[in-house]
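Visitor: Below you'll find the structure I mean.
So this is what it looks like as structure tokens:
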């Protein structure tokens with residue numbers, strides 16, 4: 400096994416305005432449970448510090464084969480002024496830092512935001 404890393408870059412207005420103090424949860428499914436791998440807050444540039452994730456060895460990504468050469472995690476990003484976003488199956492490779500960009504949409508004044516989550520799924524790469 401090896402290690403890979405993930406950083407979240409959170410912004411609004413088409414990547415023009417970084418969002419500070421967004422809560423970023425990195426989770427993985429382990430059997431029938433969801434396990435928190437890391438939790439970070441975004442800085443003034445809208446970025447988090449890296450979260451370390453266990454991955455398959457790098458050699459698996461260098462040649463075609465039957466085994467998936469990456470591990471996946473899910474990323475949930477929350478901020479009180481924006482709709483929550485959930486990104487499923489983010490791919491993390493060994494010895495690589497993945498940057499997950501996320502554009503949050505501001506909550507309109509008076510909007511009912513109960514259970515309002517925008518969800519995305521990352522499709523596997525054809526390696």
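Residue numbers (this note's numbering): 400 to 526.
Every residue, glycine too, gets a C-beta built ideally from N, C-alpha and C.
Go ahead and pull the three-state DSSP assignment for residue 507.
Guide: Looking at residue 507 - three-state DSSP - the assignment turns out to be coil, as it is neither helix nor strand.
Visitor: List the DSSP bridge partners of residue 417.
Guide: Residue 417 is bridged to 410.
Visitor: Rounded to whole angstroms, what's the CA-CA distance from residue 453 to residue 481? Just pull it up for me.
Guide: Straight-line Cα distance between these residues: approximately 31 Å.
Visitor: Quick one: what's got a C-beta closer than 8 Å to residue 456's C-beta in the same chain, skipping five residues either side?
Guide: Taken in chain order, the residues that qualify are 400, 401 and 493.
Visitor: With a threshold of 16 other CB atoms inside 10 Å of the CB of residue 535, please say whether the residue is buried or exposed.
Guide: The structure shown does not extend to residue 535, since the chain spans only 400 to 526, so no value can be given for it.
Visitor: How would you label residue 430, buried or exposed, when you count the other beta carbons within 10 angstroms and need 16 or more for buried?
Guide: It counts as exposed.
Visitor: Put residue 443 into one of helix, strand or coil per three-state DSSP.
Guide: If DSSP states are grouped into helix, strand and coil, residue 443 belongs with coil.
Visitor: In whole angstroms, what is the alpha-carbon distance linking residue 540 and residue 412?
Guide: Nothing about residue 540 can be read from this structure; the chain reaches only from 400 to 526.
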